[in-house]
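Residue numbers (our numbering): 39 to 367. Even glycine gets a Cβ: it sits at the ideal position worked out from N, Cα and C. Worksheet: one structure, shown below.
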Amino acid sequence: MTAIKKSTVRSWSRLGQRATFFGNAMPEIAEKYDNLMVLTADLAQLSNLDRFAVRYPDHFLNTGIAEQNMIGIAAGLAMEGELVFATTYASFIAVRDLEHVRQHLSNLRLNVKLVGTAAGVVAARSGVAHWASEDLAFMRALPYMTVMSAADSVEAYHMAHYAAEYKGPMYIRINGVPNCPMVYNEEYVFEPGKISILKEGRDIVLLGTGLMVHEALEAANILEDRGISCTVANVHTIKPLDTETLDRLFLSHRMIVTLEEHNVIGGMGSAVAEYKSTIAHAPRQVFIGFPDAFTTAGTTQYIWEQFGITASQIAERILKEVEQGEGLL
């Protein structure tokens with residue numbers, strides 16, 4: 039693995055999660071695993087796999103714009119003992135390929151890592167067809183499927199290496215654009231299956247995943263100026279859920295806020311709520327994410343503002359929730 043320095047973190051942030059995952063981590067994995075196969079559905083250039091394909095032609099396969107076929111090929115390769123990474127837009131893996139993922143990968147517990155790029159509304163200019171707002175819900179409902187969501191480029195790099203070591207089906211949700219906000223530095227130690235605490239507070243815990251982790255940190259700073267102390271945590275592993283850390287957070291905070299670039303139905307917030315429903319006297323939970331609706335095409339920032347998931351909007355929403363809670367804090 040690369041010796042990560044401050045300059046490395048800045049460089050990866052500029053490249054973005056997708057380029058770091060496929061352009062930096064994947065060549066290292068190819069050097070370590072002779073049985074690696076990387077599949078793409080005609081997105082080699084957009085996934086930053088073009089140089090990988092030239093350098094490791096025997097470890098690369100472009101299936102063309104045939105995402106369902108890609109899953110079938112990935113399954114066949116895995117059954118022959120290959121370590122398979124298969125990637126395309128998160129919306130295509132989660133929606134177009136769902137039956138094939140369920141039957142071939144989940145049902146047979148095959149060693150295939152699905153990497154959904156352009157997660158959330160990164161590709162929202164292309165309309166709802168490229169909008170991945172249900173992928174976490176679909177993937178975490180599949181038996182034996184591990185589900186992860188990277189907060190920044192450093193975490194995406196660590197997830198790639200962990201995925202190569204892990205045996206079994208996995209879905210990794212990553213953002214696709216350059217200039218990904220930095221959350222972690224060169225000292226970050228990635229612990230699979232363990233919620234990462236970024237900031238300690240006493241009143242409210244903000245549980246973020248993916249790009250919403252950075253927004254949660256920004257919102258916490260705004261709320262601190264308003265006298266509200268927040269713990270900020272990164273739920274990078276959505277399935278299996280870190281219930282041990284959740285137990286501690288439930289006991290020490292008066293309100294739980296889940297933040298995700300995903301429909302509020304079925305995503306990380308739902309996973310937390312499902313577990314929280316088994317805990318007596320658990321704190322109130324506020325869900326922040328996409329409402330159960332679509333909207334018109336536009337930039338990522340436009341969609342975020344329409345649905346109230348920017349840092350300032352998150353802070354204002356929480357302030358209103360506190361006021362309506364009649365002295366909750």
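* Measure the Cβ-Cβ separation of I347 and E253 and say whether it is below 8 Å. => yes
* Asked: What separation, rounded to the nearest whole angstrom, lies between the Cα atoms of G365 and R322?
  -> In this prediction, G365 scores a pLDDT of 49, lower than 50, which makes its location untrustworthy; the coordinate-derived value is nonetheless stated afterwards. Between G365 and R322, the C-alpha separation is close to 13 Å.
* Asked: At which residues does the alpha helix (DSSP H) containing V227 begin and terminate?
  -> Run containing V227: none; DSSP gives neither H nor E here.
* To do: For G305, count neighbouring C-beta atoms within 10 Å of its own C-beta (all shown protein chains included) and say buried if the count is 16 or more, exposed if not.
  => buried
* DSSP state of V122 mapped onto helix, strand, coil -> strand
* To do: Can you say whether A116 is buried or exposed, counting buried as having 16 or more other CB atoms within 10 angstroms of its CB?
  => buried
* To do: Say whether the stretch 121-141 touches the stretch 76-91, bearing in mind that this needs 3 or more beta-carbon pairs closer than 8 Å, one atom from each stretch.
  => yes
* Between Y204 and H319, what straight-line distance do the alpha-carbon atoms span, to the nearest angstrom? -> 36 Å
* To do: Consult DSSP for K232 and reduce its assignment to one of helix, strand or coil.
  => coil
* Asked: Q362 lies in the alpha helix (DSSP H); which residues open and close that run?
  -> 349-362
* **Inside the stretch 187-218 only - alpha helix (DSSP H) runs reaching at least 4 residues** => 191-203
* Is it true that the CB of I356 sits closer than 8 Å to the CB of I242? -> yes
* Asked: What is the DSSP secondary structure of G365, counted as helix, strand or coil?
  -> The pLDDT assigned to G365 is 49, lower than 50, so where the model puts this residue is not dependable, and the model offers no usable value.
* Paired residues, beta bridge with M75 - DSSP -> V122
* Between the beta-carbon of D135 and the beta-carbon of I109, is there less than 8 Å? -> yes
* To do: Have a look at F228, S315, R147 and flag the residue whose alpha-carbon is nearest the alpha-carbon of L180.
  => R147
* Where does M293 fall in DSSP's three states? -> strand
* Smallest Cα separation from M177: which of A157, M75, A132? -> A132
* **Range covered by the alpha helix (DSSP H) that runs through G265** => Note, G265: premise wrong, no alpha helix (DSSP H); not H, not E.
* Asked: Looking at C-beta atoms only, is the number of pairs between the stretch 187-206 and the stretch 215-230 that lie closer than 8 Å three or more?
  -> yes
* Between the stretch 327-345 and the stretch 290-301, do at least 3 Cβ pairs fall closer than 8 Å? -> yes
* Asked: If you draw a straight line from the C-alpha of M186 to the C-alpha of F332, how long is it?
  -> 24 Å
* In this structure, what does DSSP give as the bridge partners for A170? -> G158
* Could you please give the first and the last residue of the uninterrupted alpha helix (DSSP H) stretch that includes N107? => 105-117
* To do: Classify I42 as helix, strand or coil using the three-state DSSP reduction.
  => coil
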